[in-house]
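Oh and the sequence shown: position 188 is 188 in the numbering used here, straight run, nothing missing.
Quick reminder that beta carbons are idealized off the backbone N, C-alpha and C, glycines included.
Working notes, beginning with the structure itself.
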Amino acid sequence: MGITEFIISGVFIIVICYAIAIYNGLIRLKNNVERAFANIEVLLKQRHTELPQLVAICKGYMKHEKELLLAITQARSHVQDAREDHNIPGLGRAETEMRESLHQLFVRVEAYPELKANKNFLALQERISVLEDSIADRREIFNESVRLSNIRIQQFPDLVIARPFKFTELEYLRFRAVDLLPVSIGSIND
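What follows is the structure in structure tokens.
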């Protein structure tokens, strides 16, 4: 084996090792995105179990708010369906729907003093507010993982490896943040 073959073999081995390193880096980013989504799923499941309890407590007090309680139940179902399908844009829309419905509920609770004083309701309201904050935090982590993955897929030389192995750009999880803290109607009118 001459020097030329030796150099060509060395360059070929270096290129193959570099391609493997790029591929492994892309896999690592893909796994980070999946892990970030799984962390969001944990919180969505926790909230999913809390919402029927919240609706049940509210039904006893809020006889004239059936449409709102139904909207929460439907939004819960939409979030569940989108989560199970890993439909990121659909999950974003369903999350926005859920957050807006919960915000309306917490605003309307102000008109029901007995419900507002119910310890179980207050505990659930606090728990759901904490879960919402945690979901928002984890969404930021997910979106950062998606951003890093998308950058690598678009950059040269990574795109040379990404395209043949079907790495595609991922979508961000977007939903409108709604403040779920208890709202005092008296402070709004001041």
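Quiz item: Three-state secondary structure (DSSP) at Q53?
Solution: In this structure, Q53 counts as helix in the three-state DSSP scheme.
Practice problem: Could you say if the segment 38-58 and the segment 149-158 meet the contact criterion of at least three C-beta pairs nearer than 8 Å? | Solution: Contact fails: fewer than three Cβ-Cβ distances are below 8 Å.
Self-check item: Reduced DSSP secondary structure (H/G/I, E/B, other) of H219
Solution: Summary: the structure shown does not reach residue 219, with the chain confined to residues 1 through 190, and so no result is reported for it.
Quiz item: Near I72, which residues of its chain fall below 7 Å by C-beta distance, leaving aside the five closest residues on each side in sequence?
Solution: So the qualifying residues of the chain are L51, V55, S101, L102, L105.
Exercise. Pull up the distance between the alpha-carbon of V107 and that of I88, whole angstroms please.
Key: Cα to Cα, the separation comes out at about 28 Å.
Quiz item: Does the Cβ-Cβ distance between A36 and S134 come in under 7 Å?
Solution: No, the Cβ-Cβ distance between A36 and S134 is not below 7 Å.
Quiz prompt | Every unbroken alpha helix (DSSP H) within the segment 98-185, with a cutoff of 4 residues, ordered by chain | solution = Taking only runs of at least 4 residues, the alpha helix (DSSP H) segments lying wholly in the segment 98-185 are 113-117, 119-154, 158-162.
Exercise. With K66 as the anchor, note down where its alpha helix (DSSP H) starts and where it stops.
Key: Residues 66-85.
Exercise. Starting from the Cα of R195, find the closest Cα among N31, N143, L131, F175 and give me that residue.
Key: A query on residue 195 cannot be resolved here, the shown segment of the chain reaching from 1 to 190 and no further.
Practice problem: Check K201 in the structure and name its three-state DSSP category. | Solution: The question about residue 201 has no answer here: the residues shown for the chain are numbered 1 through 190.
Quiz prompt | Inter-residue Cα distance where the pair is K45 and I13 | solution = Near 47 Å, if we compare the C-alpha coordinates of I13 and K45.
Exercise. In angstroms with no decimal places, state the Cα-to-Cα distance between I57 and K119.
Key: Approximately 10 Å between the Cα atoms of the pair.
Exercise. Please work out which residues of its chain come closer than 6 Å, Cβ to Cβ, to M98, disregarding the five sequence neighbours upstream and downstream, and give them in chain order.
Key: Once the five neighbours on either side are set aside, the close Cβ partners of M98 are A75, V79.
Quiz prompt | Simplified DSSP state of G2, which is helix, strand or coil | solution = Of the three classes helix, strand and coil, the one that applies to G2 here is coil, per DSSP.
Exercise. Determine, using beta carbons only, whether R152 and L69 come nearer to each other than 7 Å.
Key: No, the Cβ-Cβ distance between R152 and L69 is not below 7 Å.
Quiz item: Around the C-beta of A82, are 16 or more other C-beta atoms found within 10 angstroms, so that it is buried, or is it exposed?
Solution: Flag for A82 reads buried.
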